[in-house]
Structure formats: structure tokens, C-alpha cells
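Colleague: Under my numbering, the first residue of the sequence shown is numbered 55, with each subsequent residue one higher.
The beta-carbon is built from N, C-alpha and C at its ideal position, and this holds for glycine as well.
Quick one: this structure, given as C-alpha cells, is what I'll be asking you about.
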Amino acid sequence: MKKRVLVVSSANMDFVMKVRKIPDGGQTVIEKRGYDYIPGGKGANSALALAKLGADSVFCTRLGCDNHGQKLKALYSDSGIDTRFIVSDRNAPTGLASIIVEENGQNRIIVYPGANERITAEDVEDAMTCLPDAVFMHFEVPFAAVVAATEFANKKKIPVFIDAGPASSDYPLEKLGRLEVISPNESETLALTGILPNNADNCLRASYELMKRVDTKYVVIKLGGRGAYIYDGTYAKLLTTYEGPVVDTTAAGDAFTAALTLEYLRSGDIVRAVKYANAVGTLVVGREGASSSLPTSAQVDEFIRANGIVL
Ligand code: RIB
């Protein structure tokens with residue numbers, strides 16, 4: 055049976071420009087490589103990744119009653135996502151992200167949250183009626199919604215997975231309930247703990263700090279091209295990632311944490327789940343855009359086979 059994952063998180067339209075060099079303050083540059091509008095949003099990227107990887111993906115979010123909102127909702131339905139708990143909000147536009155991608159694939163993102171900011175505890179309570187195997191969230195939606203979802207899930211003993219992006223130093227982690235996994239990337243780890251996870255010692259110190267602030271079974275720090283670091287309060291392990299081209303890192307973290315969640319639900323094995331997620335992340339950074347870069351489960355299986363990866 056498919057694992058059902060309820061994603062309570064954001065949906066955006068991404069306005070994407072590729073640039074050779076980020077302009078300096080006050081500088082104007084002409085960049086003729088064009089631009090694109092690509093469906094994105096951390097939550098939508100994860101919900102789409104889950105659907106493509108074989109989960110029963112249920113999405114709780116808010117969209118504006120505008121063209122972007124209509125296009126996004128149609129894409130989610132066509133991709134097999136359960137859209138019953140997406141609210142079309144008359145009082146705010148669909149979220150928009152302005153994304154600059156440099157030649158090395160590195161991105162810079164500014165988000166206007168729009169309707170995402172209006173997701174409520176009632177929206178979440180309604181969505182919990184889908185009886186999920188797991189609840190999955192980012193910090194790109196109101197804190198009250200994240201707290202409500204964690205409380206509902208804890209009461210029903212449903213595991214909670216959090217991708218800690220975007221993070222700020224004052225995010226009140228202490229007020230969250232019990233988590234199964236919290237997974238920040240390098241800059242989010244720095245924001246939440248004050249420690250840059252740039253070597254094994256600092257990964258351990260940062261994981262330890264996170265576990266002091268939030269009740270979680272695992273910390274999984276995403277280290278980009280270096281892989282991912284797992285800490286369970288006693289043991290720690292660095293799992294290096296795999297070779298592949300880096301074209302655009304957008305959505306790699308969203309897809310990584312989604313893949314980790316699904317494989318962990320299927321196997322109950324965090325190491326196996328992180329190896330699977332590393333394979334998904336490697337495929338995502340090799341392609342352009344957010345939702346446009348997400349692989350299918352068949353493509354991931356083929357990558358794992360072709361690279362002799364033992365999960
Ligand atoms: O993680 C990438 C995503 O962050 C983008 O798709 C953008 O919409 C922002 O939410």
C-alpha cells in the first residue's frame with residue numbers, strides 16, 4: 055500500500071533568471087538568457103516529489119484566486135496530488151519567489167508569501183482527516199499552522215518530518231512538539247544554532263544544539279555536495295552524496311527531505327532513507343528549475359542501479 059504523506063506547506067510561482075554574475079549594489083546588467091515562470095514553493099516541490107516517487111501525496115496550502123493559483127492547482131491535480139485541502143483565498147495573491155541562478159548552479163531566492171501566510175490551524179485540522187502516515191512541513195508557512203499540525207499529529211501518534219527552511223535565528227523551535235526528523239541545510243543550521251556545519255565536529259555540535267531545542271528522534275543536516283549528516287542523540291554518521299552535474303540547486307533540499315520521509319516510512323531505516331534521498335538530490339541538481347527538476351521513482355531506481363548504490 056502507498057504511504058500517505060500530508061504536506062502542510064507553501065506553494066509559489068517561481069520567477070527564475072539565470073545570470074553570469076550577481077549585479078553589485080546600484081549596478082544594472084543586461085542578461086539575455088531569458089527568464090521563466092516555473093511552479094515552485096518548498097511545500098509544492100516536496101508534494102510533487104512525493105507523488106513522483108510513489109507516495110499518496112496530500113497537499114494542504116493556500117493559493118490566490120489568480121492565474122498563477124489556477125495553473126498551480128491544475129498542475130498538482132495532473133500530477134496525482136490530492137488537492138482537496140488546498141484553499142483558494144480571495145484575499146491574497148499566490149506566493150511568488152524571485153530566483154537568481156548563477157552559472158555554478160547556486161541560487162538566491164526571495165519569497166513573497168501571499169496566500170501562504172494565511173494557512174490556518176483550521177485548514178490543518180481539516181486536512182488531518184485524510185488520515186496520513188506522516189505529516190511533512192517547512193517553515194515557509196505560519197508558525198501557528200506548524201504548531202497545530204504537530205499537535206494534531208502527536209495526539210494521533212503520526213510521525214512529523216520537518217524540512218527547516220527557511221530558518222531564522224529567532225524561530226521558536228522549543229514550542230514544537232515531538233518530531234521524527236528535523237532536516238536543515240547548512241545555512242539553516244547556522245541560523246538555528248549559530249554553528250556552521252562545515253566539518254564533523256561542527257556538525258555534531260550543531261546537531262546537539264538542535265536536539266537541545268527541539269524534541270526529535272533524528273537530526274539530518276543537508277550538506278549540499280558533501281552529502282548529509284545523521285545524528286540520533288547517540289550515534290552520528292556522514293553519508294556522502296553521489297557524482298553528477300550541478301546545473302541548478304533549486305528544490306534539491308525540498309526533494310531530498312521528501313524522499314527521505316517516504317523511504318523512511320517504507321523501510322524504517324534512516325540510513326537507507328538518507329542514501330535514497332542523496333540519489334534524489336543528485337538528480338535534482340542536474341536539471342533546471344524547481345518542480346521541473348524532480349525525478350520519477352523509475353529514474354531514481356535506474357540511477358541507483360547504474361551507480362551500484364547499495365541502499
Ligand atoms: O526551495 C526552493 C523553493 O524555495 C523555490 O521553489 C521557491 O518558491 C522557494 O519556496
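CB residue 151 to CB residue 66, shorter than 8 Å?
Modeller: Going by C-beta atoms, residue 151 is nearer than 8 Å to residue 66.
Colleague: So is the beta-carbon of residue 305 under 7 Å away from any non-hydrogen atom of the ligand RIB?
Modeller: Within the cutoff, so yes.
Colleague: In the structure shown, what three-state DSSP assignment does residue 318 receive?
Modeller: Looking at residue 318 - three-state DSSP - the assignment turns out to be helix.
Colleague: Determine whether the beta carbon atoms of residue 271 and residue 293 lie at a separation below 8 Å.
Modeller: No, these two residues do not count as a Cβ contact at 8 Å.
Colleague: Which same chain residues, not among the five before or five after residue 258, have their C-beta less than 6 Å away from its C-beta?
Modeller: Excluding residues within five positions, the ones whose Cβ falls inside 6 Å are 290.
Colleague: Out of 127, 109, 96 and 230, state which residue places its alpha-carbon closest to the alpha-carbon of residue 166.
Modeller: Closest option to residue 166, Cα to Cα, is 96.
Colleague: Kindly list the residues whose CB is nearer than 6 Å to the CB of residue 327, restricted to its own chain and excluding five residues on each side of it in sequence; keep chain order.
Modeller: 314, 317 and 318, listed in sequence order.
Colleague: Does the separation of the CB atoms of residue 105 and residue 79 fall below 8 Å?
Modeller: Not closer than 8 Å, so no.
Colleague: What number of angstroms, rounded off, separates the C-alpha of residue 388 from the C-alpha of residue 239?
Modeller: The chain is shown from 55 up to 365; residue 388 falls before or after that span and cannot be answered.
Colleague: Go ahead and pull the three-state DSSP assignment for residue 293.
Modeller: Looking at residue 293 - three-state DSSP - the assignment turns out to be strand.
Colleague: Should the stretch 189–200 be regarded as contacting the stretch 330–341, the criterion being three or more beta carbon pairs within less than 8 Å?
Modeller: No, the stretch 189–200 does not touch the stretch 330–341.
Colleague: Taking the Cβ atom as the reference point for each residue, do residue 147 and residue 118 lie within a distance shorter than 8 Å?
Modeller: Going by C-beta atoms, residue 147 is nearer than 8 Å to residue 118.
Colleague: Tell whether a beta-carbon distance below 8 Å holds between residue 228 and residue 202.
Modeller: For residue 228 and residue 202, no; Cβs fall outside 8 Å.
Colleague: Does the Cβ of residue 346 lie closer than 7 Å to at least one heavy atom of the ligand RIB?
Modeller: False, no ligand heavy atom lies under 7 Å from that Cβ.
Colleague: I'd like to confirm something about residue 367: is its beta-carbon nearer than 7 Å to some heavy atom of the ligand RIB, or not?
Modeller: There is no way to answer for residue 367, as the model of the chain reaches only from 55 to 365.
Colleague: Does the distance from the C-beta atom of residue 61 to that of residue 206 stay below 8 Å?
Modeller: Cβ atoms of residue 61 and residue 206: not closer than 8 Å.
Colleague: What does the alpha-carbon distance come out to for the pair residue 141 and residue 176?
Modeller: Rounded to the nearest angstrom, the two C-alpha atoms are 11 Å apart.
Colleague: When the Cα atoms are used, what is the spatial distance from residue 244 to residue 265?
Modeller: Rounded to whole angstroms, residue 244 to residue 265 spans 14 Å at the Cα level.
Colleague: Is it buried or exposed for residue 170, if we count other Cβ within 10 angstroms and need 16 for buried?
Modeller: It is buried - the Cβ of residue 170 has at least 16 other Cβ atoms within 10 Å.
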